[in-house]
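> Chains as they are written, first to last, in this note's numbering: chain E, 1 to 332; chain D, 1001 to 1372; chain W, 2001 to 2147.
We put the CB at the ideal spot given by N, CA and C, even for glycine.
Computed from a prediction, not measured in an experiment: that's the story for all the values here.
One structure, as structure tokens, below. Some questions next.
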Amino acid sequence: MTEGMVMNLVRLLLYLVGMIGFAAFNAAYLTLLERKQASWMQLRRGPTEVGPWGLLQPVADGVKLMSKQLLLPRDVDVPLFLLGPIMVVVPPILCLVTIPFSETLVARNFNLGLLMIFAFGAISTFVLMLAGLASANKFSSIAAARIVAQNIAYEIPLLVIVLSLVMSTHSFNLHTIVDQQAGGFWHWNLLRLGTNPLMPVAFLIYFICLLAESNRAPFDMVEAESELVAGVFTEYSGMGFGLFFIAEYVNIVVGCCLATILFLGGWHCPFGLLPGLHWFLIKMYALCVMVVWVRWSFPRTQFYGLLNLSWKILIPLALANLLLTAVMLKLF
Amino acid sequence: MSSDAQAIHHESFVLNVGPQHPATHGVLRIKLTMDGEYIVDAEPVIGYGHRMHEKMGENRSYAKFLPNTGRMDYVAALFNGHGYVGAVERLAGLVVPERAEYIRVITCELNRIASHLLWVGAFLVDLGGFTPLLYCFDDREHILDLIESVTGSRLTFCYFRFGGVCNDVDDNFIVGARDFVASMRSRMPMYDAFVSKNIIFRKRCEGIGILSADDCRKYGATGPVIRGSGVAYDVRKMEPYSVYSQLDFNVPVYTECDCMARYRVRIDEIVESLRIVEQALGKLPAGPVMADKVPRALKPPKGDCYFNVESARGSFGVRAFSDGSENAYRLKLRSPCFSNLSLFQECSRGMLLTDALALLGSLDLVIPDIDR
Amino acid sequence: MIKYFQEIIEGAYTLAVGMGITFVRMFRRRVTLDYPYRSLTMTARYRGHIELKRDEATGQPKCVVCMACQKACPSNCIKLDGQKPEGAPRKVLTSYMLDFTTCSLCGLCVESCKFDALTFSHDYNLTSMRKEDYQTMDLLRRVGGAK
């Protein structure tokens, strides 16, 4: 075995551990962020008892979930039911592989990175559907049926928006896309009005689709607790439920990372100074705060309202955006 | 049955909503026959919170039933007390001092505001929005503090007595109530911007859950439900009791018949109740708060009477029969929620599950009031 | 077509207003009271469980064992007993038991008392691991009366 291979192996292991650690850390502390932020918006204090300012609350939650019994209801499809929670966390963690956190910090930079993220992103919603159907519960089944429609409805505008972006970047490589946005916020894709004057609108559509794809309120048809009890998670208990919870937050992280890379200049500073990991994290977490902020501000949409929003507003706008980009690229 | 209907019947399944479902606010159970997400039939199953209040009214003396009144519609407990003492006073021919009547009106209207605020919050939770609930509770808490300073409890008030009220209000209460009226008025624009105008909220309420005026009349719906369907029926105006005839207020009516109309009626009623509280505080006369010579063991003469009040949910009526003894011979309690719920079965047919639960929320049901 | 865009823009505006309202409140004063560390003082009329009143002059309960409270109680949760010692002007309370598990805190007993011998406790932190603690609350012992 050559030294290079050993180095590669060590590198691989480090990235594996790092990525899972990053995902777990984010899932844990985004729950705390969510609880804290929601309580601040509601004039409450949120968790304060476990650790200083409640900072150890996620640990307590984790211990509680792990110590609970994993119930297996009688009529469930056992293999699918058990596979559900596992399969739902793997895709978002895999998506982190190709995210460039900074100039040098990326596990595997390959040319079709963007495509890979969407390919894996599509899996997790279908896993949710399978888990819902395997639960043999009417509420879960209704939620599972909703997920399919929701997934199709929001994948389209999301991909069309990304397509129009790729038309102007000419690359699926996330590293390249970030590099093109170097040197101040006016170079960011968000404000590249020269290639497409509708870029801010495109970002907004992307953000809405991000909420819908990660099943966050106001589009949380998967859970819809006042209608469907807990949607597809109804029959899950203990860490089975916990894994769905983790997956939801890792999905948000991946979505926010991607938004940072595609629209907000990745690791580049808004003023062209000191690029690095910190800028990436600042932007990413700011978007996470936005996601939480939206959730606790609005009621849930109806299911058909959600589809109306997608098919009547987002998809036409996304297609108009695509067309405009094509015309602009041809003309200039 | 047509072949289409048969096909639907064949494919339908039963979905059990409640008694432990988050949308039913308690122990209401609704057996939904569903075709996909469409409701074919909805059968409310009630009685999980049945506590025989009517029977308890028959086997204990009139005064001993007073604590029960706070435990039916516990969100607006004062109205139940008002209805009950009103009926017994009419039966026994007791004259209530004017100050006591004003105090009853003030506390009842504060209770109405508290009840509507709780409803706004709970309705938004039904629709999936949590934050308004906490803002409503913030305001509601001030009302409960005020009422607690007079009655001594925060929820199941037992405040009204035959011939008056058990405690007089003090200056602190009057100042506090005036402050509350001002602060609540200043809060209304926030609710308007945050809830009423919100596009998601409007999409979920406008045109959803249509209850026609005929359906409302057929099932005896009252309160904000019927006023949201264009019928200006309010007991306070139709059969003025207490001192409502001396107070100037409007009855908000909306003709859209949808959830939004019912929401707007309640929001407008908060504003009207604030006006009533303000006027009543201004007119509050001096004097005693209890009638003289109310016998300890009340034995009303033979007879029966009906007395209804406009509770936060509609017309709450009490029919009391007396056979001249210490106990009522029969006590009939007409609860508004029971009638309002009976609309649901007919009107939810053909609706989507989401919309039907919005309709259910907009009826403002308190389950122990249905079951009694 | 104009209506279509108008609705989108108006809708987006209302959502932005909503987010503004929640944003402002993130920096407002909290309304939570840190309960176990701080607690509210109850209002003067707070209706807790009942308590016997003591006569300051004699140090004995004011109760004259007229049984009015026992009769007034809707849930029959008051049991009291008294006896008349030789030569005493009135009955002396020997036991006053409150079954707090069935008490509905209505306050009818306090109102029924013509001798101002009952009052409401302001204690609301009542917990116990044993049912018996509240099934038989010995009010006479709480007030420190003769046994």
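#1: State the Cα-Cα distance for the pair residue 278/E and residue 209/E, rounded to the nearest angstrom.
#2: Taking a cut of 8 angstroms between CB atoms, which residues from the segment 40-63 of chain E lie near chain W?
#3: Looking at C-alpha atoms only, which residue of 1028/D, 1150/D, 1103/D is the closest neighbour of residue 1280/D?
#4: Would you mind telling me which residues of chain W sit closer than 7 angstroms to residue 297/E, beta carbon to beta carbon, in chain order?
#5: Any C-beta of chain D sitting closer than 7 angstroms to the C-beta of residue 101/E?
#6: Under a Cβ-count criterion, where at least 16 other Cβ atoms within 10 Å of its own Cβ denotes burial, should residue 1238/D be classed as buried or exposed?
#7: Counting only Cβ pairs nearer than 9 angstroms, list the residues of chain W close to residue 293/E.
#8: Would you call the segment 1354-1367 of chain D and the segment 1316-1325 of chain D touching, i.e. three or more CB-CB distances under 8 angstroms?
#9: Quick one: complete alpha helix (DSSP H) runs, 4+ long, within the segment 1033-1113 of chain D?
#10: Return the first residue and the last residue of the alpha helix (DSSP H) that residue 1340/D is part of.
#11: Any C-beta of chain E sitting closer than 7 angstroms to the C-beta of residue 2030/W?
#12: With three or more beta-carbon pairs closer than 8 angstroms as the criterion, would you say the segment 1052-1062 of chain D touches the segment 1136-1152 of chain D?
#13: Please check the pair residue 1371/D and residue 1047/D, which I expect to be a contact at CB under 8 angstroms, by giving their CB distance rounded to whole angstroms.
#14: In chain W, what lies closer than 8 angstroms to residue 1259/D by C-beta?
#15: Pop quiz: residue 1316/D and residue 1080/D are said to be a contact at Cβ under 8 angstroms. What is the actual Cβ separation, rounded to whole angstroms?
#16: Looking only at its chain, what residues have a beta carbon closer than 6 angstroms to the beta carbon of residue 1120/D, apart from the 5 residues adjacent to it on each side?
#17: Could you tell me which chain A residues have their CB closer than 8 angstroms to the CB of residue 313/E, listed as they occur along the chain?
#18: Using a Cβ-Cβ cut-off of less than 7 angstroms, list which residues of the segment 1180-1205 of chain D approach chain W; keep chain order.
#19: Which complete alpha helix (DSSP H) runs does the segment 2017-2100 of chain W hold, if anything under 4 residues is left out?
#20: If the cut-off is 7 angstroms on Cβ atoms, which residues from the segment 1020-1043 of chain D count as contacting chain E, listed in chain order?
#21: Taking 7 angstroms as the CB-CB limit, is residue 1126/D close to chain E?
#22: Per DSSP, which residues does residue 1304/D bridge with? Please list them.
#23: What are the start and end residues of each continuous alpha helix (DSSP H) run of 4 or more residues lying completely inside the segment 1198-1239 of chain D, in chain order?
#24: Under 9 angstroms between beta-carbons, which chain W residues line up against residue 1385/D? List them in chain order, please.
#25: Name the chain E residues whose beta carbon is nearer than 7 angstroms to that of residue 2140/W?
#26: Taking its Cβ as the centre, do 16 or more other Cβ atoms sit within 10 Å of residue 1062/D, making it buried, or is it exposed?
#27: In three-state terms, what does DSSP make of residue 1130/D?
#28: Note down, in chain order, each residue of its chain lying with its Cβ closer than 7 angstroms to the Cβ of residue 2103/W, except the 5 sequence neighbours on either side.
#29: Exposed or buried, residue 1101/D, counting other C-beta atoms within 10 Å across all chains shown (16 or more means buried)?
#30: Give me the Cα-Cα distance between residue 1327/D and residue 1302/D, rounded to the nearest whole angstrom.
#31: Return the CA-CA distance between residue 1169/D and residue 2006/W, expressed in angstroms with no decimal places.
#32: Measuring only the C-alpha atoms, how far is residue 2035/W from residue 43/E?
#33: Is any beta-carbon of chain W found at less than 7 angstroms from that of residue 14/E?
#34: Can you grab the Cα-Cα spacing for the pair residue 46/E / residue 160/E, in whole Å?
#35: Please confirm if residue 2127/W has its CB atom under 7 angstroms from at least one CB of chain D.
#36: Looking at the secondary structure, which residues open and close the alpha helix (DSSP H) in which residue 1354/D lies?
In brief:
#1: About 26 angstroms.
#2: Cβ proximity to chain W below 8 angstroms picks out 40, 41, 42, 43, 44, 45, 48 from the segment 40-63 of chain E.
#3: The residue with the shortest Cα to Cα distance from residue 1280/D is 1103/D.
#4: Chain order gives the chain W residues near residue 297/E as 2018, 2019, 2022, where near means a beta carbon separation below 7 angstroms.
#5: The Cβ of residue 101/E sits no closer than 7 angstroms to any Cβ of chain D.
#6: Around the Cβ of residue 1238/D, a 10 Å sphere holds fewer than 16 other Cβ atoms; the residue is exposed.
#7: Simply 2019, 2022, 2023, 2026.
#8: The segment 1316-1325 of chain D and the segment 1354-1367 of chain D do not touch, with fewer than three beta-carbon pairs separated by less than 8 angstroms.
#9: Within the segment 1033-1113 of chain D, the complete alpha helix (DSSP H) runs of at least 4 residues are 1053-1058, 1066-1069, 1077-1092.
#10: Start and end: 1336-1347.
#11: Taking a beta-carbon distance threshold of 7 angstroms, residue 2030/W counts as an interface residue toward chain E.
#12: The segment 1052-1062 of chain D and the segment 1136-1152 of chain D do not touch, with fewer than 3 CB-CB distances between them shorter than 8 angstroms.
#13: Right, their Cβ atoms sit about 6 angstroms apart.
#14: Going along chain W, no residue has its Cβ under 8 angstroms from residue 1259/D, so there is no contact; the nearest lies around 17 angstroms.
#15: About 6 angstroms separates the two Cβ atoms, so the contact holds.
#16: Non-local C-beta neighbours of residue 1120/D in its own chain, meaning closer than 6 angstroms and more than five positions away in sequence, comprise 1136, ordered along the chain.
#17: Absent from the structure is chain A; the protein chains it does hold are E, D and W.
#18: Within the segment 1180-1205 of chain D, contact with chain W at the beta-carbon level (separation under 7 angstroms) is assigned to 1190, 1193, 1194, 1197, 1198, 1199.
#19: Listed in chain order, the complete alpha helix (DSSP H) runs (minimum 4 residues) inside the segment 2017-2100 of chain W are 2068-2072.
#20: 1021, 1022, 1023, 1037: these are the residues of the segment 1020-1043 of chain D whose beta carbon lies less than 7 angstroms from some beta carbon of chain E, given in chain order.
#21: Residue contact with chain E for residue 1126/D: present (Cβ-Cβ distance below 7 angstroms to some residue of chain E).
#22: Partner(s): 1321/D.
#23: With a minimum length of 4 residues, the continuous alpha helix (DSSP H) runs that stay inside the segment 1198-1239 of chain D are 1199-1205, 1213-1219, 1224-1227, 1235-1238.
#24: Within the shown structure, residues of chain D are numbered from 1001 to 1372, placing residue 1385/D beyond reach of any answer.
#25: Here the premise fails: no neighbours, minimum Cβ distance about 40 angstroms.
#26: With 16 or more other Cβ atoms within 10 Å, it is buried.
#27: Residue 1130/D: coil per DSSP, three-state reduction.
#28: Answer for residue 2103/W: 2049, 2075, 2077, listed in chain order.
#29: Looking at its Cβ environment, which holds 16 or more other Cβ atoms inside 10 Å, residue 1101/D is buried.
#30: Near 11 angstroms, if we compare the C-alpha coordinates of residue 1302/D and residue 1327/D.
#31: Distance between the alpha carbons of residue 1169/D and residue 2006/W: 52 angstroms.
#32: Distance from the CA atom of residue 2035/W to the CA atom of residue 43/E, rounded to whole angstroms, is 15 angstroms.
#33: Closer than 7 angstroms: no.
#34: Each residue's alpha carbon lies about 39 angstroms from the other.
#35: Taking 7 angstroms as the CB threshold, residue 2127/W stays off the interface with chain D.
#36: Note, residue 1354/D: alpha helix (DSSP H), 1353-1362.
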